[in-house]
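Enquirer:
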Amino acid sequence: MKSFLDKVWSFLSSIKLAIVIFALVALTSIVGTVIEQQASYSENIRVLSSLVGQGLAPTAYKVLYALGFMNMYRSWWFLTLLSLFAVNLLVCSIDRFPAIWRIMRAPVKPIAHDQMKRMPIKEEFVSPGSPDSWLEKSVSAMKSIGFTARTEKEAGGPVQLFAQKHAWSRSGVYVAHISILVILIGALVGVFFGFRGYVDLPEGYTANIVYSNDMDMSDPGQVARRESLLGALYSEGGDLQKAAQSLNESLPGYEKDLRSVGVIPLDFQVLCQQFQVQFYGQTDMPKAYRSLITVLENGKPVVTKWIEVNHPLKYKGVMFYQSSFRLRHDLSNGVAIMDVRSPSGQTETLKMKVGQSFSIPGTKETVRLAKFNPALAFDDQGHAETYSQLMTNPAVKVDITGPDGAQSSKWIVQRYPETWSLPDGSSIGLTDFWGVQATGLQVRKDPGVWIVYLGCILLALGLYVAFFMSHKKIWVRLAPDKKGTLFTVAATCPKNRHAFEREIEKMVTHLKGGN
Amino acid sequence: MESSRFFGLSEMAYILAMVVYVIHIAFRKKAVGVTATGLAVFGFASQTLAILLRWREFYLLSGMGILRSIPLTNLFESIIFFVWCLMLGYLIMEFRYKNRSFGAFVTPVAAVALLFINLSGMSTQIEPLVPALQSNWLLAHVTLSFISYSAFALSFSTGLMYLIVTTEDRREGAYIFWTVMLGIFAAVLMAMGLDYIRFSSAMKSETFVRDFLFKSSYESGSSAVRVISYAATAALVFLVWRFGYILKKVITGFNMQAATLDEITYKSVAVGFPIFTLGGLIFGAIWANQAWGVYWSWDPKETWSLITWFIYAFYLHARFLRGWKGRKIAMVATMGFVAVIFTYLGVNLLLSGLHSYGSR
Ligand code: HEM
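Chains as they are written, first to last, in my numbering: chain A, -19 to 495; chain B, 18 to 377.
#1: Going by beta carbon distance, what residues of the same chain come within less than 6 Å of Glu132/A, once the five residues before and after it are set aside?
#2: Determine the burial state of Thr284/A: buried for a count of at least 16 other Cβ atoms within 10 Å of its Cβ, exposed for fewer.
#3: Any idea what DSSP makes of Ser234/B, helix, strand or coil?
#4: Can you tell me where the beta strand (DSSP E) holding Ser324/A begins and where it ends?
#5: Within 10 angstroms of the Cβ of Phe23/B, are there 16 or more other Cβ atoms? Answer buried if so, exposed if not.
#6: Check the DSSP bridge columns for Phe300/B and list the partner residues they point to.
#7: Between Thr128/A and the rest of its own chain, which residues show a CB-CB distance below 8 Å, the 5 nearest in sequence each way excluded?
#8: In whole angstroms, give me the CA-to-CA distance for Gly325/A and Gly385/A.
#9: Does the Cβ-Cβ distance between Asp319/A and Thr411/A come in under 8 Å?
#10: With distances taken from CA atoms, which of Leu89/B, Tyr312/B and Met104/B is nearest Leu69/B?
#11: In chain A, what lies closer than 8 Å to Ser152/B by C-beta?
#12: Let me know the secondary structure DSSP gives Tyr185/A once reduced to three states.
#13: Helix, strand or coil for Val282/A, going by three-state DSSP, please let me know.
#14: Pop quiz: Ala208/B and Ser234/B are said to be a contact at Cβ under 8 Å. What is the actual Cβ separation, rounded to whole angstroms?
#15: Spatial neighbours of Lys344/A within its chain, please: C-beta separation below 6 Å, excluding the five flanking residues on both sides.
#16: Mind checking if Ile484/A is an interface residue toward chain B, Cβ cutoff 8 Å exclusive?
#17: Look up Phe300/A in the DSSP assignment and give the residues it is bridged to.
#18: For Lys221/B, decide whether its Cβ has a neighbour in chain A, counting only Cβ atoms nearer than 8 Å.
#19: With 16 as the cutoff for other CB atoms within 10 Å, does His363/A come out buried or exposed?
#20: For Gln64/B, which residues of its own chain have a beta-carbon under 6 Å away from its beta-carbon, when the five flanking residues on both sides are left out?
#21: Taking 8 Å as the cut-off, decide whether the C-beta atoms of Leu307/A and Leu276/A are in contact.
#22: For a contact defined as C-beta to C-beta under 7 Å, what are the partners of Gln13/A on chain B?
#23: Applying the 10 Å Cβ sphere with the 16-neighbour rule, what's the burial state of Tyr361/B?
#24: Grab me the residues of Arg539/A's own chain with a C-beta within less than 6 Å of its C-beta, minus the 5 sequence neighbours each way, in chain order.
#25: Would you check if the distance between the CB atom of Thr379/B and the CB atom of Thr124/B is smaller than 8 Å?
#26: Counting only the same chain and skipping the five closest in sequence on each side, list residues whose C-beta sits under 6 Å from that of Ile32/B.
#27: Quick check on Ser165/B: does DSSP put it in helix, strand or coil?
#28: Which value, in whole angstroms, describes the spacing of the CA atoms of Ile244/A and Val311/B?
#29: Do Ser(-7)/A and ligand 1 come close, with the Cβ less than 7 Å from some heavy atom?
#30: Examine chain B for any beta-carbon lying closer than 8 Å to the beta-carbon of Met515/A, and answer yes or no.
#31: Kindly say whether Arg176/A, judged by its beta-carbon, lies nearer than 8 Å to any beta-carbon of chain B.
#32: Return yes when the C-beta of Val153/A is under 7 Å from any heavy atom of ligand 1, and no when it is not.
#33: If you reduce the DSSP assignment to three classes, tell me which class Phe447/A lands in.
#34: Taking Trp315/B as the reference, which of Ile10/A, Val0/A and Ser(-17)/A has the closest Cα?
#35: Are Gly353/B and Phe202/B touching if we call contact CB-CB under 8 Å?
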């Protein structure tokens, strides 16, 4: 029985298994990058058609689907492979630890003369002067390359100096291996205690739920359940408590149901006050975009922060990342924010909806906000058109009625201040058209991320030590000789031997030649 | 743009250096060797100047901080940086080991990489950064990744040379492996050359390259052209396979010990692996976490980095097993670099053409 356990143990700790796992993970992952993961049927049929031809694509799809390749990084066999990898690492580390520990703790000891000559680095030469006269010099020569030598007298006269450096660097490989386990643990913590969601918030809107990224939308039953649970919430104006009551459920029970269909309730609310996008020059390439987000607890604001790409907001362990933006389909609730300046320089900020009118202070003109265009362009005939689905070039059209009743109209374009001035010297500057853009936020909670980062630090340190540091041992033997002292130098070093040999050369020059 | 002139100059210098290094191997004249080194140093200097100039141009254009304006944001710039690292590494090696033989292998890699820029017709314009790319982590990520790619490129050339030197029998697996690999490599480059000749006038952006890649050969609209392309590739592979011994003669001619080649292969992987782990995987994950809140999402680029990492882990560990010395392990090292190339180019140019996210 023991021998069977031994076999299992040595199988699980073998490098051979590690190598097989490396190859399997690499090969299967290749398939996973060719098949688009978690994509629709038609998408992957298209991909497969271009690879194996239209005729074979449905069959190929069926086979790959049955094998779990459509969502392979979460398939049972891939997770099994990763678990086996983790077990392999763990068992291998446990198996090797005692040996590594012994090597790290073992002091250097003097070795026999003929054993020195079999070391990978060795040198022998004679220098004038007695061994005794060389002793102190030898110690300081070794010190000069960083070794603190101990001395021992051999029977019959010869003296041996010996030292070692960086014995602990043997643990580098070990640390690197353990760190991968740490990273995997961190990833598991994230999977079990965190979530990955998103929410799309128009300016002025508040949310207390977010939608999971991991919801499988291909199951019609789930989707229908989700609709009905969300329907209850909408009809109660977003109040979770009341929605639960309307379904005759307790609040925790209702929240649990929501989670099961990919809707994650937050225990606070987030409000998007404003969204802004800035472009490079007058191009349509976004340079920066940001949202002014307020966190509310029971309707009372607690935190307000501008978030932008690479600068998220963190509240109660939940992170809000700026990820995208869009224009709402319905532009009718938008409010133009305008700086209106009279000919005499008096300014006033106005907030107006399309259809409303105002007068410019100090003049007898009335201005009516006739139209809003989020991306104004003119076609060949000079007709206004909308050239993109984003607010790339916002403009408002104003109809101006003069004191004499004369009518004129004009486009005021936010990007082009030269369009702001009116003939009588007053001006209408468009600063924003609020309420028509929506900000796309990724919402994450991942309590495991710090464990992952710790693992990353350990991995970097472990690999650095494993590849760039090395456990060096050195022996110098001084024996009396007819012409003075016979030096025997021997050293071992598992890595970067050439660099160490050069150091030893440096030391040896101190020991060669006259006393 | 001032910088493009110096890029052109450095490209020419590297191509000339390649020719002279090869002549040097053949004749072993000191003067020839010095000329080759001179050309390489000149090319390197003008490339350095060009990178600095482009940095300045980018800085002036973007109006962002000086660090954020490092020219390392698109395919063109990163290839330039890769070549720069490779040449720096090579020149250091040449001066330290006083050996010019590798020049004949490293300068072609540099020249091919730069020619690839011309052949693929990718955009060399300075492009402003989209918000997600405005991160210092990204900078560290890209810089270190490319340093590690250069180390892997070195291990690839020495690994390949090891295979060339140690194989002879045309029916042997390792021989077939390297000849097929070299043949396909050459064929793909030629196919890109064809694309260039056909579409050069219109070529602009990376998306464009993606849409037209191999359209004059393997992906042509005409099935005759497609068949001919595959047949020509097969013929080329056959030629390399049939006459591979000539290459062996050339390389054995300049006294490269197989053991030295094996050691350099291992050493450059040993340098590349930790840098790739830190820069490619860890910094990439930190950046992704800052930008989107997920440090790992199994997207094709990340997955291919992981595949690359596992192949090199395979390499490192297989060395500890009996029976995995020599040719077998050299094949793993060369496969590792194929994965590197695919991580960098294949994901952008091939996979994203296949998937819908590429066209979005
Ligand atoms: C992807 C995960 C892994 C990484 C990044 C990794 C990294 C390393 C590195 C860098 C070395 C040193 C190689 C050298 O000095 O040339 C090493 C050695 C080694 N690894 Fe791993 N390793 C991994 C997984 C594993 C697994 C799963 C095992 C399980 C058996 C394993 C067992 C070993 C052993 C036995 C050595 C030899 C150590 C020595 O005696 O120097 N490794 N590993």
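For each residue, glycine too, the CB sits at the ideal point set by N, CA and C.
Expert: Here's the rundown:
#1: Pro90 and Gln140
#2: exposed
#3: coil
#4: Note, Ser324/A: premise wrong, no beta strand (DSSP E); not H, not E.
#5: buried
#6: According to DSSP, which records beta bridges pairwise, Phe300/B is partnered with nothing at all.
#7: Met122 and Ala143
#8: 24 Å
#9: yes
#10: Leu89/B
#11: Asn290
#12: coil
#13: strand
#14: 4 Å
#15: Pro383
#16: no
#17: Leu293/A and Val423/A
#18: With a pLDDT of only 49 at Lys221/B, under 50, the local geometry of the prediction cannot be trusted, and the value read off the model is given with reservation. Cβ-Cβ to chain A under 8 Å: no for Lys221/B.
#19: exposed
#20: Ser27 and Trp101
#21: no
#22: A quick correction: the sequence has Thr, not Gln, at residue 13/A. Those within 7 Å of Thr13/A in chain B are Pro317, Thr320, Trp321 and Leu368.
#23: buried
#24: A query on residue 539/A cannot be resolved here, the shown segment of chain A reaching from -19 to 495 and no further.
#25: In the structure as shown, chain B begins at 18 and stops at 377. Residue 379/B is therefore absent and cannot be evaluated.
#26: Ala128
#27: helix
#28: 17 Å
#29: yes
#30: Because chain A spans -19 through 495 in this model, residue 515/A falls outside it and cannot be assessed.
#31: yes
#32: yes
#33: helix
#34: Ile10/A
#35: no
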